[in-house]
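Protein chains: 4
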Amino acid sequence: MKRDKPKYKQIIDAAVIAIAENGYHQAQISKIAKQAGVADGTIYLYFKNKEDILISVFQEKMGVFVESLQEIIKNGESSTDKLSQMIDNHFNVLANDRHLATVTQLELRQSNKDLRLKINSILKEYLKLLDEILIEGMFKGEFNSTMDVRIARQMVFGTIDETITSWVMNEFRYDLIETAPKVRHMLLNGLKG
Amino acid sequence: MKRDKPKYKQIIDAAVIAIAENGYHQAQISKIAKQAGVADGTIYLYFKNKEDILISVFQEKMGVFVESLQEIIKNGESSTDKLSQMIDNHFNVLANDRHLATVTQLELRQSNKDLRLKINSILKEYLKLLDEILIEGMFKGEFNSTMDVRIARQMVFGTIDETITSWVMNEFRYDLIETAPKVRHMLLNGLKG
Amino acid sequence: MKRDKPKYKQIIDAAVIAIAENGYHQAQISKIAKQAGVADGTIYLYFKNKEDILISVFQEKMGVFVESLQEIIKNGESSTDKLSQMIDNHFNVLANDRHLATVTQLELRQSNKDLRLKINSILKEYLKLLDEILIEGMFKGEFNSTMDVRIARQMVFGTIDETITSWVMNEFRYDLIETAPKVRHMLLNGLKG
Amino acid sequence: MKRDKPKYKQIIDAAVIAIAENGYHQAQISKIAKQAGVADGTIYLYFKNKEDILISVFQEKMGVFVESLQEIIKNGESSTDKLSQMIDNHFNVLANDRHLATVTQLELRQSNKDLRLKINSILKEYLKLLDEILIEGMFKGEFNSTMDVRIARQMVFGTIDETITSWVMNEFRYDLIETAPKVRHMLLNGLKG
DNA sequence: TATGAATGAGTATTCATTCAT
DNA sequence: GATGAATGAATACTCATTCAT
């Protein structure tokens, strides 16, 4: 399997750095290759084309989020607790990898519609898990049992996304992790009403 | 003033249509010019370059939002009422102009970081007015008086934005306006807690 | 009509020279553009892509052959006379334009199957006229009335083609025009038997 | 001697198949290697480079033609008989190996001028034998004793070549062998006149 | 003002060849 | 001898912008 070979991850990581440092449109294959320490042609032994690299970047990195969330769902106590952990985890991961934050919040969104659709379908897995938490909470009476799940999900994800994007756009000028408890508190109020 | 001449608005509107119908990257100057019924070169009599058109599109259209919001702030009764009206207005305008919704929620976000930063600074005026409402509400005791205004603003705007973007991405398959009251209710709960 | 503008023919002629002097695979767009005295991009105002240039080269130049042959058929006296004139004309045109001879006999044959099929369909018009002469001659009793027209055509065209290709491959070392009467004589014998 | 080892012929035959099935430009070294059941690198133990394979293909296969023709010259009765046998043999071999016919008549001609000059020099041996037959026939009075041998050779070879190429281009839709007697008859008439 | 023909910089991808194992 | 992962040079085409008319 190609994605188990060391160069696969090496190129993925190089792509994140190259995109974060040069911007989406200035992250040419040659720059990614140079960053990865391989020849341009080597990239194509592991990826079908440039789009394939970008999708794989998102897939690999989003995979981490999905796995953590699955873990949280398995071990979390209440729905409230699970949602809180999810928010904290989301903030923590990106707060600790600014390159990745730049790439997911800003650069990858410049991709064309086609690529964005593919990215979105990868994101769906994550949002489905979020839905699970919300529905469980509604059932258990922790969240407002009459709310519209889609809108609740959009509030939770939209708020998290906007918060992190603003942090990136403000060039990491403040501590993202400090804001997590406030976001958590506000969202939980919204869900409980 | 150039922006008072008929061709200025003609080109702005042509750009919205061209981008909505062809996508950001496929909306070449020649297509915008054709849509506007002018020659390619004429565009450059009214705009410095392509980026200038896109910024102007956002500026002109966002201006409508800002004016409405100023009106709402002037005439609204309570802060809760003002926020409710703002949400409704935001949804209504975009629900009634799908081309514009596509352009602002999807296509314009494919622009490079530079352009997005400029768009963001235009957005700030709108967000400042939102902050005004929030602060007033905190002061009056309608909203939680200890909350972090920046995060509250990010929740309100992030939720609205995510809701509308999803609606566009789902190709307008459901009625956006119907969701407004639910969004309103959920956000107000978040702010009151 | 694009093909009536001066730059159209200018680029066609530049392509013939560039291909003859550099070889098919070394005749890059930039070389053709330079030879034509225009920018690379200008080429694409007149031609869809590189293949389109090459097809057009063949079409334009073969058009001359077809027109001459139509003239010959209209004004020639006997079928024998028409065939003789056709052979002479074919030799004369290429003997007087060595660049063109190199391109049609050697370089253009390096194109891929797709392009070669298109070239072949252009050639068919010329071969149809040749068939006309042969059939008329058979009918009039000038040529063997029982012969297979397809094979007769292949003998005539194959011989002409081989003769000229050899001349090009031998770097024009001998006088091509001098050989025309001998070729003519030999072919007419073949057709009369 | 490398060319006596089994893998040498194995690669040659693989090349014919790979080229016939994929076309000249799509017959990459990797495809030839795969077809031959060896690794890419192994090819370079037997051939200097890709051009060397192609030349060798032509050389090996043309060798068969040359040997048959030498046999024919040795055993044939009259010059007329020898020429007839040569034509029949040429048609028969290619009619019975369509892969080879495709490669020699279509695909190998897409090679660059350099390679085609080398191919042509290999062909010369075959054409020399043809010349022998023609000269003998002129001397014996079977053919027109005043004809130009070079042109006679070009007529014979050009006609055969064009006939077979057309057959390949028409995707073997008719029986090539049936046409041989007609070609023979027509050419002999040309030579006798 | 308005035109639109002309410009030319910039980049993903393929594939023959090598060489460490 | 045999392998196959790695190399890196080389090129068509697009499109924002200009400027002579």
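Protein chains in written order, with the numbering used here: chain E, 1 to 193; chain P, 1001 to 1193; chain X, 2001 to 2193; chain L, 3001 to 3193. In this text, a Cβ means the ideal position worked out from N, Cα and C, and glycines have one as well.
Item                                                                                                                         : Value
Cβ-based neighbour list, E:G190, same chain, cut-off 7 Å, excluding 5 preceding and 5 following                              : M155
Beta-carbon proximity of L:Y3046 to L:I3011, cut-off 8 Å                                                                     : yes
Through-space distance from P:S1121 to E:R98, alpha-carbon basis                                                             : 22 Å
Alpha-carbon spacing of L:T3163 relative to L:D3004, whole angstroms                                                         : 34 Å
Neighbourhood of L:I3017 by C-beta distance below 7 Å, restricted to the same chain and skipping five residues each side     : Q3035 and H3099
Helix, strand or coil at P:Y1008 according to DSSP, with G and I counted as helix                                            : helix
When X:V2168, X:S2145 and X:E2051 are compared against L:L3117, the one with the closest alpha-carbon                        : X:V2168
Segment contact flag, the segment 1061-1068 of chain P with the segment 1020-1039 of chain P, C-beta cutoff 8 Å, min 3 pairs : no
Bounding residues of the alpha helix (DSSP H) (the contiguous stretch that carries X:N2075)                                  : K2050 to N2075
CB contact check: L:F3157 to chain X, cutoff 8 Å                                                                             : yes
Of the listed residues X:P2181, X:L2176 and X:K2192, nearest to X:V2093 (C-alpha basis)                                      : X:L2176
Within 8 Å, strictly: CB atoms of X:I2053 and X:I2119                                                                        : no
Simplified DSSP assignment, three categories, for P:G1158                                                                    : helix
Chain L within 8 Å of X:K2113, Cβ atoms only                                                                                 : yes
Three-state secondary structure (DSSP) of P:S1111                                                                            : coil
P:Y1008 versus P:K1128: straight-line alpha-carbon distance, rounded                                                         : 28 Å
For E:N170 and E:N185, the rounded distance between their alpha carbons                                                      : Reading off the sequence, residue 185 of chain E comes out as His, not Asn. When rounded, the distance between both Cα atoms is 23 Å.
Chain E contacts from the segment 1012-1043 of chain P (Cβ-Cβ distance under 7 Å)                                            : G1023 and H1025
Spatially closest choice to P:T1159 from P:Y1044, P:K1182, P:K1140 and P:G1063, by CA coordinates                            : P:K1182
Closer than 9 Å at the beta carbon, the chain P residues around E:L106                                                       : K1113 and R1116
Whole-angstrom C-beta distance between E:K192 and E:F143, which should lie under 8 Å                                         : 6 Å
Three-state secondary structure assigned by DSSP to E:Q35                                                                    : helix
Under 8 Å by beta carbon: chain P residues contacting E:D81                                                                  : Within chain P, no residue comes near E:D81; the closest Cβ sits about 17 Å away, beyond 8 Å.
Given X:I2151 as reference, the closest of L:M3138, L:I3133, L:Y3174 and L:V3103 once Cα atoms are compared                  : L:Y3174
DSSP-derived helix/strand/coil call for L:E3171                                                                              : coil
Span of the alpha helix (DSSP H) around E:M147                                                                               : No alpha helix (DSSP H) holds E:M147; DSSP gives it neither H nor E.
Straight-line gap, L:T3104 to L:Q3059 (C-alpha atoms, nearest Å)                                                             : 11 Å
Chain X within 8 Å of L:Q3059, Cβ atoms only                                                                                 : no
Through-space distance from X:A2014 to X:A2027, alpha-carbon basis                                                           : 10 Å
Simplified DSSP state of L:T3025, which is helix, strand or coil                                                             : The sequence shown places His at residue 3025 of chain L, not Thr. Coil, per DSSP.
Residue-level contact to chain X via CB, L:L3123, 8 Å cutoff                                                                 : no
Residue-chain proximity (P:S1166, chain E), Cβ-Cβ < 8 Å                                                                      : yes
Cross-chain neighbours of L:L3130 in chain X, by beta carbon under 9 Å                                                       : Going along chain X, no residue has its Cβ under 9 Å from L:L3130, so there is no contact; the nearest lies around 12 Å.
Identity of the residue in L:L3134, L:F3139, L:T3146 and L:M3138 nearest L:R3153 by Cα                                       : L:L3134
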